[in-house]
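K.L.:
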Amino acid sequence: MNVSVASVALLSACGAWQSVSDASSSAYHAVFFKQIKVLDIDLSAREALNPDDAGRATSVAVRVYQLKDRKMFDGASYEGIC
């Protein structure tokens, strides 16, 4: 019986430690990493941007990505990203 009580106590402690660990990790990220909900970007370009065969400017698609980790991005080549 003592073994089962000790087992339950140890398993409960593991669960409590995980909760504390998750909470401290969340607090760390909230303090040291700025969370951006809305990103306003103003772009301006010349008329000669992305011309068609007649020399008229055509539309350009711009994509903005938020990275979870920039290690792979920093190590990637331009061709590998496109």
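The opening residue of the sequence shown carries number 13 in this note's numbering; numbering runs sequentially from there. Think of the CB as a built atom: it goes at the ideal place given N, C-alpha and C, for glycine as much as any other residue. Values in this document were obtained by computation on a predicted structure and should not be read as measured data.
1. For LEU51 versus VAL76, is the C-beta distance shorter than 8 Å?
2. Less than 8 Å between C-beta atoms, sequence neighbours within five positions excluded: which residues of the same chain meet that for PRO63?
3. Determine the extent of the alpha helix (DSSP H) in which GLY67 is found, giving its start and end residues.
4. Counting only the same chain and skipping the five closest in sequence on each side, list residues whose C-beta sits under 8 Å from that of ILE93.
5. With C-beta atoms as the reference, is LEU61 less than 8 Å away from VAL72?
6. Specify, as a first and last residue, the run of the alpha helix (DSSP H) that LYS83 falls within.
7. From ALA39 to LYS46, what distance separates their C-alpha atoms?
8. Rounded to a whole number of angstroms, what is the C-alpha to C-alpha distance between GLY67 and VAL43?
P.N.:
Checking against the coordinates, here is how it stands:
1. As a position in the sequence shown, residue 51 is number 39, starting the count at 1. As a position in the sequence shown, residue 76 is number 64, starting the count at 1. The beta carbons of LEU51 and VAL76 sit closer together than 8 Å.
2. To locate residue 63, count along the sequence shown from 1; it is residue 51. Within the same chain, PRO63 has close Cβ partners ALA69, THR70.
3. Looking up residue 67 in the sequence shown gives position 55. Secondary structure note for GLY67: it is in no alpha helix (DSSP H), with a DSSP letter that is neither H nor E.
4. By one-based count along the sequence shown, residue 93 stands at place 81. Closer than 8 Å at the Cβ level, and outside the excluded window around ILE93, lie PHE85.
5. For the purposes of this step, residue 61 is identified with residue 49 of the sequence shown, where counting begins at 1. For the purposes of this step, residue 72 is identified with residue 60 of the sequence shown, where counting begins at 1. Yes, the pair counts as a contact, with Cβ atoms nearer than the cut-off.
6. Here residue 83 corresponds to residue number 71 of the sequence shown, with the count starting at 1. Its alpha helix (DSSP H) spans residues 83-87.
7. Counting from 1 along the sequence shown, the entry for residue 39 is found at position 27. Counting from 1 along the sequence shown, the entry for residue 46 is found at position 34. Taking the CA atoms as reference points, ALA39 sits about 12 Å from LYS46.
8. Within the sequence shown, the letter at position 55 stands for residue 67. Within the sequence shown, the letter at position 31 stands for residue 43. In a straight line, the C-alpha of GLY67 is about 50 Å away from that of VAL43.
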